[in-house]
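Those protein sequences? They're chains A and B, same order as listed.
In this text, residue positions in the first sequence follow the numbering used here: the first is 1, and each later residue adds one.
In this text, residue positions in the second sequence follow the numbering used here: the first is 493, and each later residue adds one.
Virtual Cβ for every residue (Gly too), placed ideally from N, Cα, C.
None of these values were measured; they are calculated from a predicted model.
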Amino acid sequence: MAGTKNNTLKLKFDTARDYAPAPESKSAATIQPRYDLFINGKFEKPLSKKYFATINPATEEKLSEVADANAADVDRAVVAARQAYNKTWKNMPAKERGKYIFRIARIMQERARELAVIETLDGGKPIRESRDFDIPTAANHFFYYAGWADKLEYAFPNRQTNPLGVAGQIIPWNFPLLMAAWKIAPALATGNTVVLKPAETTPLTALTLAEIIREADLPPGVVNIITGAGETGSALVNHKDIDKVAFTGSTEVGKIIQRAIAGTNKKATLELGGKAANIIFDDAPLDQAVEGVINGIFFNQGHVCCAGSRLYVQESVYKQVLRKLKDRLETLIVGDPMDKNTDIGAINSKQQLANIHKYLKIGQQEGAEMYQPSGVLPKKGFFCAPTIFTNVAQSSRISQEEIFGPVLTIQTFRTDDEVIEKANNSPYGLSAGVWTDKGSKIFNLTTKLRAGVVWANTYNQFDPTSPFGGYKESGYGREGGLHGLTPYVNLI
Amino acid sequence: MAEKTIAVPDFSLSPHVDQVGIEERAARFTKRSIKKETKLNGLLLALNMIDLTTLEGKDSEGKVKQMCYKAMHLLDVYEGLPTVAAVCVYPSMVKTARAALGDSGIHVASVATGFPSGQAPRDVKIRDTKFAVQQGADEVDMVISRGKFLEGEYNYVFDEIAMIKEACGDARLKVILETGELVTYDKVRKASDLAMHAGADFIKTSTGKIAPAATMPVTLVMLEAIRDFYYKTGKMIGMKPAGGISKSKQALHYLVMLNETLGEAWMNNHWFRFGASSLANDVLMQLMKEKTGIYQGKDYFPLD
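Okay, here's the thing in C-alpha cells:
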C-alpha cells in the first residue's frame with residue numbers, strides 16, 4: 001500500500017499495554033556505592049564494621065551497600081539525639097524550629113526528581129507514583145508540620161505543650177520517604193529529636209533525606225538515621241533513653257514492640273496491618289467505583305496497609321462490576337518501574353513475592369477462582385500479575401489475612417446490615433471504602449464501620465491535614481493533621 | 493424468525509457518573525508518555541480520523557473546494573501520508589464537496605436539523621436531512637433538541653432522532669449532544685444512552701459553537717456509555733469529540749483514552765473521529781518534527 005492514499009489506517013497499539021518504552025533517566029540521581037550511618041550531623045562508619053547490600057527489585061542488581069547498625073551504633077545515635085535535645089532543640093524558639101523544617105521541605109522539592117528516581121530504583125514502585133505521589137506528599141508533610149511548630153498553643157488551647165524527648169522511629173518499605181516524613185516532621189515540630197530506622201530493603205531515600213537534612217543545616221543530632229534490619233530496630237525500641245516509639249509495619253512486629261515497652265514510660269504509636277473492605281452498592285457510579293477499586297488494591301503493587309483488599313459487591317450489580325474489573329485489569333501495564341507508563345511495578349523483595357505466591361496457592365486450594373489478565377511478566381526481577389479471586393467466603397484465609405500484594409478478593413452481599421457486619425468481621429480496622437450515590441447511606445456506613453479512615457466514592461486519598469490510624473489490630477495513635485501532634489507532646 | 497423488538501429503556505435509570513472520579517480517570521490518561529513509533533503511529537492515525545470542518549455563515553464554494561483539496565493533499569512533501577476521514581460542511585455545500593473529493597474515498601459529512609441550535613420545526617429538520625443526503629452526504633451530523641431534553645421530554649428527543657435516522661437512509665448518523673449545554677455528566681450519560689437506543693451510528697460531543705466543547709471527561713462518559721451499550725446489544729457505536737482539540741498532544745491523549753476504554757476495534761476512523769479544523773496542521777508539524785528532528789515554522793503548513 002506504500003505511496004497510495006489510505007484512509008483505514010490502524011494504530012499499532014496491538015493491545016492497550018503496548019506503548020513504546022518511555023523510561024525515566026537513571027542519571028537523574030546519584031547513588032553512592034556505600035552509605036554510612038547518619039549520626040550527629042555526620043556520616044559515620046558503623047562500629048559493627050558491617051554493611052549489607054540493597055538491590056533493585058526490578059532487576060535484582062545491587063544498587064549500593066549500607067551500614068548495619070549494631071546495639072553500640074544505636075546507642076551512639078540515641079546519645080547524639082539526647083544531647084541535641086538538651087543542648088539545642090528543646091530550648092530553641094519554636095519559630096526557629098519551624099524555619100528548619102520549612103527548609104527541609106523546600107530542598108526536598110528542589111531534589112524531587114532525584115528522590116523519585118531513587119525511590120523507584122530501590123523499592124520497585126512505578127516512577128509515576130513516586131513522582132506524582134510519594135515525593136510531593138512527603139514534602140507537603142514537612143510543609144504542613146513546619147507551620148504548626150510555632151502555633152502549638154492554638155493546636156492545644158489553654159494547655160502547655162512540652163516535647164517528650166527522643167523519639168525512636170521505625171518505618172516500613174512500602175512508602176520509604178513518605179513514612180520518614182510522617183514520622184520526622186511532627187516530631188521536630190513539637191520539639192523532639194529523632195533516631196529513625198528505615199526498612200532494610202529500602203534505605204536509600206531516607207539516607208538521601210539525611211543529606212538534605214545536613215544541607216538544611218539542622219543542628220547536629222536532631223535527626224539521626226541509622227540502617228539495619230530487625231535487630232537494629234529491636235535495639236532501638238529497647239534502648240533505655242528513648243521516650244517514644246513510633247512504628248509503622250506489620251501487626252506481628254507491632255505486638256513484639258508492645259510487649260517490649262510494657263512497664264516502661266515509653267509512649268508509642270503503632271500503625272499496623274489492614275484488610276480493608278471496599279463496598280460497592282447497586283446505586284454507585286459503577287465505572288468510577290471500579291476505578292476506585294483498582295486504585296484501592298493495585299496502587300503500589302498492593303503494598304499499602306490501607307489497601308482495599310476485600311471487595312464487597314451488591315449482588316444485583318455483581319456481574320457488571322466483575323466484567324468492568326476484568327476489562328480494566330487488561331489495560332494495567334505491569335513491568336519496568338522506571339517506565340513512565342508502568343502501572344504496577346516490582347514486588348519489593350523476593351521474600352514478599354514468595355509470601356504473595358503462598359497466598360495465591362492457598363486461595364486456589366480453598367476453591368476460590370483466580371483470575372489474572374493476559375499480560376506477560378518480565379523475566380527478571382520480582383513481579384506479580386494483578387490478581388482477583390471470586391468465589392470467596394468470610395472463612396477463606398485469603399479474605400482474612402493481610403497479603404500485602406496485588407491480590408483482591410471479591411464477595412457479594414444483599415443488604416446494608418449484612419455488609420456492615422461482614423466488613424467489620426476482621427481483626428483489622430485501618431480503612432474502608434463505600435461507593436453509593438446516596439448520601440444518607442454513606443453516613444449510615446461511616447458511623448458503623450470500625451475503621452480509622454472511611455473513604456466515600458474515592459479511595460487512597462492522603463493529605464497532611466488528615467489524620468490516619470487504626471482500630472483493633474491495625475494499631476493505635478493517629479498520624480497526620482492536628483491529631484498527629486498529640487503523640488509527640490506532654491500536655492500540662 | 494420473528495423480528496426482535498428492542499425495548500426502549502427507562503432513561504431516568506441511566507447510570508450516574510461521579511464528577512470527581514471521572515475527571516481523575518480522564519486526567520490519568522494524560523499521564524501516559526507516548527514516544528517513538530507509538531507517537532508516530534498515533535499521529536498518523538489522528539490525522540486519518542479528522543473530519544476537516546468548516547461551518548461558517550461565510551462559507552463559499554471556493555472555500556469548500558480549497559478545503560477539499562487540502563483533505564486529499566495534506567502535505568504532499570511528506571510521502572505516504574493518509575488523508576483525513578471526511579470533510580464536514582453545511583448542506584448547501586455538500587454538492588461542491590462531493591464533486592471536489594471525487595473518488596478519493598474521503599467522506600462528506602453534513603450537519604443538518606437546524607444546526608447548531610436545533611430550534612427548527614421537525615419537518616424542516618427532516619427536509620434539511622434529506623436534502624443533505626440527496627446532495628451526496630454519506631454522513632449526517634444532527635443536533636438534538638436540548639431544550640426538550642432538559643424539559644425531560646425524552647420521548648420527543650428519542651422520536652426525533654429515530655425519524656432523522658430514517659431520513660438518512662444509508663448515510664451514517666452522528667448525533668450531537670451539545671454537552672456544553674447539558675452541563676452535568678449525568679445528563680451527558682443519559683443523552684448518550686438515549687441517542688444510541690434511538691439509532692445513532694455515532695455520538696458526538698459538540699457543535700463547536702458552544703463553550704465548553706469536547707473535554708476528555710465528557711468524552712470518557714460517552715465512551716463508557718458506548719461500551720455498556722455494546723455489551724448490552726452487541727452493536728458498536730462510533731464516537732466523535734468535536735471542538736477544542738487543536739494540538740497533537742491532546743489528540744494522542746484522546747487516542748490513549750479510546751484505546752484503554754474501548755480497545756483496538758475502535759482504533760480506526762470508522763469508529764472514531766475528531767471534529768476539528770486546526771488540529772491537522774499541528775499534527776503535520778509534529779510529523780515533520782518526527783521525520784526531520786526539526787520543528788518547522790507554521791508557514792510551511794498550508795492553511796485551507
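For this session: Please determine if the region 324-343 of chain A and the region 125-136 of chain A are in contact, where contact requires at least 3 C-beta pairs separated by less than 8 Å.
Result: yes
For this session: Verify the CB distance criterion: does B/Gly767 have a CB-CB separation below 7 Å to chain A?
Result: Residue 767 of chain B sits at position 275 when you count from the first residue of the second sequence. So no, B/Gly767 is outside the interface.
Exercise. What three-state label does DSSP hand B/His565 in the structure shown?
Worked result: As a first step, residue 565 of chain B is located in the second sequence; it is residue number 73 there, counting from the start. Note: B/His565 maps to coil in three-state DSSP.
Exercise. In the DSSP assignment, what residue or residues form a beta bridge with A/Arg34?
Worked result: The residue given as residue 34 of chain A occupies position 34 in the first sequence. A/Arg34 pairs with A/Glu65.
For this session: Provide the residue(s) that pair with A/Gly433 in DSSP beta bridges, ordered along the chain.
Result: Locating residue 433 of chain A in the first sequence gives position 433, counting from the first residue. DSSP output for A/Gly433 lists A/Asn278 and A/Trp455 as bridge partner(s).
Exercise. What residues from the region 499-517 of chain B come within 8 Å of chain A, judged by C-beta to C-beta, listed N to C?
Worked result: Pro507, His508, Val509, Asp510, Val512, Gly513, Ile514, Glu516 and Arg517
Exercise. Where A/Asn457 and A/Ala277 are concerned, what is the direct C-alpha to C-alpha distance, given to the nearest angstrom?
Worked result: For the purposes of this step, residue 457 of chain A is identified with residue 457 of the first sequence, where counting begins at 1. For the purposes of this step, residue 277 of chain A is identified with residue 277 of the first sequence, where counting begins at 1. Approximately 13 Å between the Cα atoms of the pair.
Problem set entry | A/Ile279, buried or exposed, once every other Cβ within 10 Å from all chains shown has been counted against 16 | Taking the first sequence and counting its residues from 1, the one referred to as residue 279 of chain A is at position 279. Answer is buried; the Cβ neighbour count reaches 16.
For this session: Taking the CB atoms as reference points, tell me whether A/Gly168 and A/Val245 lie closer together than 7 Å.
Result: For the purposes of this step, residue 168 of chain A is taken as the residue at position 168 of the first sequence. For the purposes of this step, residue 245 of chain A is taken as the residue at position 245 of the first sequence. The answer is yes: Cβ separation under 7 Å.
For this session: Determine, using beta carbons only, whether A/Leu9 comes closer than 7 Å to chain B.
Result: Against the first sequence, residue 9 of chain A aligns to sequence position 9. With a pLDDT of only 47 at A/Leu9, under the threshold of 50, the placement of this residue in the model should not be trusted; the figure read from the coordinates follows. Yes, because at least one Cβ of chain B sits closer than 7 Å to the Cβ of A/Leu9.
For this session: For the region 511-568 of chain B, list the beta strand (DSSP E) runs that are entirely contained and at least 3 residues long, ordered along the chain.
Result: 542-545
Problem set entry | Interface positions of the region 270-303 of chain A facing chain B (Cβ-Cβ less than 7 Å), listed along the chain | Pro285, Leu286, Asp287, Gln288, Glu291 and Gly292
Problem set entry | DSSP-derived helix/strand/coil call for B/Ala494 | Taking the first residue of the second sequence as position 1, residue 494 of chain B is located at position 2. Bear in mind that a pLDDT of 47 at B/Ala494, under 50, signals an unreliable position, so the model cannot answer this.
For this session: Go ahead and label B/Pro613 buried or exposed: buried means 16 or more other beta carbons lie within 10 angstroms of its beta carbon, across all protein chains shown.
Result: In the second sequence, counting from the first residue as 1, residue 613 of chain B sits at position 121. Exposed is the label assigned to B/Pro613, since fewer than 16 other Cβ atoms lie within 10 Å of its Cβ.
Exercise. Roughly how many whole angstroms lie between the Cα atoms of A/Leu204 and A/Thr54?
Worked result: As a first step, residue 204 of chain A must be located in the first sequence, where it is residue number 204. As a first step, residue 54 of chain A must be located in the first sequence, where it is residue number 54. If you take the alpha carbons of A/Leu204 and A/Thr54, they lie about 8 Å apart.
For this session: Determine the contact status of B/Pro709 and B/Glu553, defining contact as a CB-CB distance below 7 Å.
Result: Residue 709 of chain B sits at position 217 when you count from the first residue of the second sequence. Residue 553 of chain B sits at position 61 when you count from the first residue of the second sequence. Cβ distance not < 7 Å, so B/Pro709 and B/Glu553 don't count as in contact.
Exercise. If we cut at 7 Å on Cβ distances, does B/Arg590 have a partner in chain A?
Worked result: As a first step, residue 590 of chain B must be located in the second sequence, where it is residue number 98. No, no contact with chain A.
Exercise. A/Cys384 by DSSP, collapsed to three states: which one?
Worked result: Taking the first sequence and counting its residues from 1, one reaches residue 384 of chain A at position 384. A/Cys384: coil per DSSP, three-state reduction.
Problem set entry | Whole-angstrom C-beta distance between A/Val195 and A/Ile497, which should lie under 8 Å | The structure shown does not extend to residue 497 of chain A, since chain A is modelled only from 1 through 492, so no value can be given for it.
Exercise. Between which two residues does the beta strand (DSSP E) containing B/His599 stretch?
Worked result: Your numbering for residue 599 of chain B matches position 107 in the second sequence. Start and end: His599 to Ala604.
Exercise. Using a C-beta to C-beta distance shorter than 7 Å, which residues of chain B count as neighbours of A/Thr331?
Worked result: Within the first sequence, residue 331 of chain A is the residue found at index 331, counting from 1. Glu752, listed in chain order.
Problem set entry | Helix, strand or coil at B/Tyr570 according to DSSP, with G and I counted as helix | Position 78 of the second sequence holds residue 570 of chain B. Looking at B/Tyr570 - three-state DSSP - the assignment turns out to be coil, as it is neither helix nor strand.
For this session: Measure from the alpha carbon of A/Lys95 to the alpha carbon of each residue in A/Thr387, A/Leu121 and A/Gly147, then state which is nearest.
Result: Taking the first residue of the first sequence as 1, we reach residue 95 of chain A at position 95. When the alpha-carbon of A/Lys95 is set against those of A/Thr387, A/Leu121 and A/Gly147, the nearest one is in A/Gly147.
Exercise. Out of curiosity, what's the CA-to-CA distance linking A/Gly477 and A/Arg214?
Worked result: As a first step, residue 477 of chain A must be located in the first sequence, where it is residue number 477. As a first step, residue 214 of chain A must be located in the first sequence, where it is residue number 214. So the two alpha carbons sit approximately 30 Å from each other.
For this session: Can you have a look at B/Leu544 and say buried or exposed, based on whether 16 or more other CB atoms are within 10 angstroms of its CB?
Result: Looking up residue 544 of chain B in the second sequence gives position 52. B/Leu544 comes out buried.
Exercise. What residues from the region 523-535 of chain B come within 8 Å of chain A, judged by C-beta to C-beta, listed N to C?
Worked result: Lys523, Arg524, Ser525, Ile526, Lys527, Lys528, Glu529, Thr530, Lys531, Asn533 and Gly534
For this session: Quick one: residues in its chain with C-beta nearer than 7 Å to the C-beta of A/Gln320, no 5 flanking neighbours on either side, listed in chain order?
Result: For this step, residue 320 of chain A is matched to residue 320 along the first sequence. Result list for A/Gln320: Leu286, in chain order.
Exercise. Which of helix, strand or coil does DSSP assign to A/Pro126?
Worked result: On the first sequence, residue 126 of chain A is found 126 positions in, with the first residue counted as 1. Looking at A/Pro126 - three-state DSSP - the assignment turns out to be coil, as it is neither helix nor strand.
Problem set entry | Three-state class that DSSP yields for A/Pro176 in the structure shown | For the purposes of this step, residue 176 of chain A is identified with residue 176 of the first sequence, where counting begins at 1. DSSP, read as helix, strand or coil, puts A/Pro176 in helix.
For this session: Can you tell me which of A/Pro33, A/Trp455 and A/Val407 puts its alpha carbon nearest to the alpha carbon of A/Asn355?
Result: Numbered from 1 along the first sequence, position 355 holds the residue referred to as residue 355 of chain A. Residue A/Val407 is the option with its Cα nearest to A/Asn355.
Problem set entry | Contacts of B/Glu658 in chain A (Cβ-Cβ under 9 Å) | Working through the second sequence from its first residue, we reach residue 658 of chain B at position 166. What B/Glu658 touches in chain A: nothing, since even the nearest Cβ is about 28 Å away.
Problem set entry | Close-in-space but distant-in-sequence residues of the same chain around A/Thr62 (CB under 6 Å, 5 per side omitted) | Taking the first residue of the first sequence as position 1, residue 62 of chain A is located at position 62. It is worth fixing the name first, because residue 62 of chain A is Lys in this sequence and not Thr. Taking C-beta separations shorter than 6 Å and ignoring five residues to either side along the sequence, the partners of A/Lys62 in its chain run Ala53 and Ile55, following chain order.
Exercise. Any C-beta of chain A sitting closer than 7 Å to the C-beta of B/Glu782?
Worked result: In the second sequence, residue 782 of chain B corresponds to position 290, counting from 1. With 7 Å as the cut-off, B/Glu782 does not count as an interface residue toward chain A.
Exercise. Within this structure, are the beta carbons of A/Arg328 and A/Val290 separated by less than 7 Å?
Worked result: Here residue 328 of chain A is taken as the residue at index 328 of the first sequence, counted from 1. Here residue 290 of chain A is taken as the residue at index 290 of the first sequence, counted from 1. Yes, Cβ-Cβ distance for A/Arg328 and A/Val290 is below 7 Å.
Exercise. Got a sec, what are the start and stop residues for the alpha helix (DSSP H) B/Gly730 sits in?
Worked result: As a working mapping, residue 730 of chain B is identified with position 238 in the second sequence. Premise fails: B/Gly730 lies in the beta strand (DSSP E), Gly730 to Lys732, not in any alpha helix (DSSP H).
Problem set entry | Straight-line Cα distance separating B/Trp758 from B/Leu750 | Locating residue 750 of chain B in the second sequence gives position 258, counting from the first residue. Locating residue 758 of chain B in the second sequence gives position 266, counting from the first residue. Annotation: B/Leu750 to B/Trp758 spans about 7 Å, alpha carbon to alpha carbon.
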